[in-house]
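Here's the structure, in structure tokens; my notes come after.
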Amino acid sequence: MSKYVLGIDGGSTKTVCLLADLHGVAYGRGESGISNPNYVNQEELRETLRRATEGSIASLNSSLFEIIGVCLGIAGAGSEEKQNLIRGVMWDIVTDLVARYPSLGLCDGFEEHTHIQVHGDTVVALVSGAGLRYGMVVISGTGSIVYGETSDGLTAFAGGWGHLLANEGSGYQIGTHALKAIVRASDGRDVFTLLEPIILEYWNCTSTKQLFLYMLSGDPTIADIADLSKMVDKAAKLDDHVAKDILKRAGRELAIGVKAVATRLGFLNQEFPLVLTGGVLLNIELVGAELISRIRCELPMAQIIEPLVEPVQGAVILALERRALT
């Protein structure tokens, strides 16, 4: 019987599940929506994880196969309470799928607390780039966080407090800064910016007032506002100085978080891997360039890594490592 592990990476925009063999080679992939437990209820979480998991196994042609381990890295799953919730939901999902798919089984002795790992998305992102649980990772996508681990298990983070408190350097913050720049320019409190026509067109608004009413309606989600970071990048590439300043500020904020975590973990005067990931960092050059420039000045011994694989591969690695220990 063929043996596989499930690796899952989930956040505030999408959730990805890989079905991988014992060499880490992916044979199935499923995707779904938001799985951050701070933004969805338990039933929504269950449905998101179920769709991603079932999508990963649905196309497998193997006649008989069994799952020997599961690892999830989920944004917002930093507390033991959230991890237990997610673990229980995932247990229900895999046992239900086994009942519905005659070719699918679980390995002998498969237990909820032994074979299903739950971490924050930071852990799997770190492992995807560094290959192990040592070093630091910067994630900037819809939200943002800086996380680090030492070789003896000491951890620290900066940011990641949610969009209301501290998501500096995130897509959401970039989007909100862009919206504020538009209304400031409209009032005459600041200079004109290309962000106004670009974002108005993107959101099908004909005026700043209509944009204001759209915001009041509550329709734009956190992800919608974070998505405006693409429009800020578009304006920056047209040499809009307001847009450029917003993106550079995001990079500076992330660098501040890196310095704070490095200080707390004692990384200031030693080499350590620094993994950069997330949609903003990987796709908006100006943010990453500003961050890297500041890191090279303030933490010259940091070994900057832009992963060649998705963060979900880190979940696969951890699932395989746990399997080797059991």
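Residues in the sequence shown are numbered from 1378 upward in steps of one, following my numbering. Ideal Cβ placement from N, Cα and C applies to all residues, glycine included.
In the DSSP assignment, I1411 forms no beta bridge with any residue.
Around L1481, the same chain offers I1434, F1442, E1443, I1444, L1474, V1475 as residues with beta carbons nearer than 8 Å, after the five sequence neighbours per side are excluded. Taking the C-beta atoms as reference points, D1564 is found no nearer than 8 Å to A1558. In chain order, V1560 place their CB closer than 8 Å to the CB of F1589, counting only its own chain and leaving out the 5 sequence neighbours on each side. Here M1513 is buried. Its C-beta has 16 or more other C-beta atoms within 10 Å.
The Cβ atoms of T1390 and S1409 lie no closer than 8 Å to each other. Across the structure, L1631 and G1546 are spaced so that their CA atoms are roughly 5 Å apart.
Within the same chain, T1519, G1548, Y1549, G1552 come within 6 Å of A1603 by CB-CB distance, once the 5 residues on both sides are set aside. Residue pairing from DSSP places M1513 in a beta bridge opposite G1525, L1651. One Cα belongs to S1412, the other to R1406, and the distance between them is close to 16 Å. Scanning the segment 1548–1589 for uninterrupted beta strand (DSSP E) segments of 3 residues or longer gives nothing; none is fully contained.
Taking all protein chains in view, the Cβ of R1477 is surrounded by fewer than 16 other Cβ atoms within 10 Å, so the residue is classified as exposed. Ranking A1612, T1491, G1537, C1394 by CA distance to the CA of S1456 puts G1537 first.
For secondary structure counted as the alpha helix (DSSP H) over 4 or more consecutive residues, the segment 1601–1645 holds these complete runs in sequence order: 1606–1614, 1618–1642. For C1394, the pairing in a beta bridge is given by DSSP as I1385, G1407. Taking 8 Å as the cut-off, the beta carbon of G1691 is found closer than this to the beta carbon of S1505. The three-state reading of DSSP puts A1476 in helix, counting H, G and I together.
Here E1573 is buried. Its C-beta has 16 or more other C-beta atoms within 10 Å.
Looking at the DSSP output, I1682 sits in a beta bridge with V1652.
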